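Asks:
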Amino acid sequence: MNTKGKNDAEVPPELVRFLKFVTAGLEESERDFQDELVRRFQKTIREIKTDREMGERYMIFEEMLREEKQEGRQEGRLEATRENILELLEELGEIPEDLQTKFEDLEDVTKLKVLHKIAAKAESLRAFEEKAEIYFNSKDKK
């Protein structure tokens, strides 16, 4: 089924009217489609829009979706920064498993960015580990 189909004559008229309603813009969706099912949808939509409780639920739902999207972006940044650090360190040699685990467990993008800078400047894995250790020890004391 295609909402943009061109063969209206081959489809039941009720379905054509419904599909035109579904694809209509906000203003156009209020026009009379000469169809009882569409009228019921329009009435239900108007009721939902005017129902204060439903409006509050909708706003809460919208906020939840926004937060979920933001969390997804944050997780994406964390993962990308971890991968960038590991790529830099792989050029210096085989990364010890315990070091990889530390990156996977780290959930602070600010700390990961600092580690990324340390990795970019490191001349060896050992040098990176030493500077990272100094960084973490200085953070623990604060």
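Residue 303 in our numbering sits at position 78 of the sequence shown, with consecutive numbering throughout. C-beta: ideal position from N, C-alpha, C; glycine also. Quick caveat, the model's predicted, so the values are computed rather than measured.
Compare the C-alpha of K245 against each of K229, L324 and A234 and name the closest.
Replies: For the purposes of this step, residue 245 is taken as the residue at position 20 of the sequence shown. Checked all of K229, L324 and A234; the closest Cα to K245 is K229.
Asks: If I'm right that L331 touches L337 with Cβ under 8 angstroms, what's the distance once you round it to whole angstroms?
Replies: As a working mapping, residue 331 is identified with position 106 in the sequence shown. As a working mapping, residue 337 is identified with position 112 in the sequence shown. About 6 angstroms; that satisfies the 8 angstroms criterion.
Asks: Quick check on the burial criterion: 16 or more other C-beta atoms within 10 angstroms. Buried or exposed for I285?
Replies: Mapped onto the sequence shown, residue 285 falls at position 60. When all chains shown are included, I285 counts as exposed.
Asks: Under 8 angstroms by Cβ, that's how I've got V334 and T306 pegged, so tell me the actual separation to the nearest angstrom.
Replies: Numbered from 1 along the sequence shown, position 109 holds the residue referred to as residue 334. Numbered from 1 along the sequence shown, position 81 holds the residue referred to as residue 306. The Cβ separation is near 6 angstroms, so the contact holds.
Asks: Between A345 and the rest of its own chain, which residues show a CB-CB distance below 7 angstroms, the 5 nearest in sequence each way excluded?
Replies: In the sequence shown, the residue the question calls residue 345 occupies position 120. So the list reads L313, once near-sequence residues are dropped.
Asks: What is the rounded straight-line gap between the Cα of E253 and the Cα of R302?
Replies: Position 28 of the sequence shown, counted from the start, is the residue given in the question as residue 253. Position 77 of the sequence shown, counted from the start, is the residue given in the question as residue 302. Cα to Cα, E253 sits roughly 41 angstroms from R302.
Asks: Put S349 into one of helix, strand or coil per three-state DSSP.
Replies: Numbered from 1 along the sequence shown, position 124 holds the residue referred to as residue 349. Residue state, collapsed to three classes: coil.
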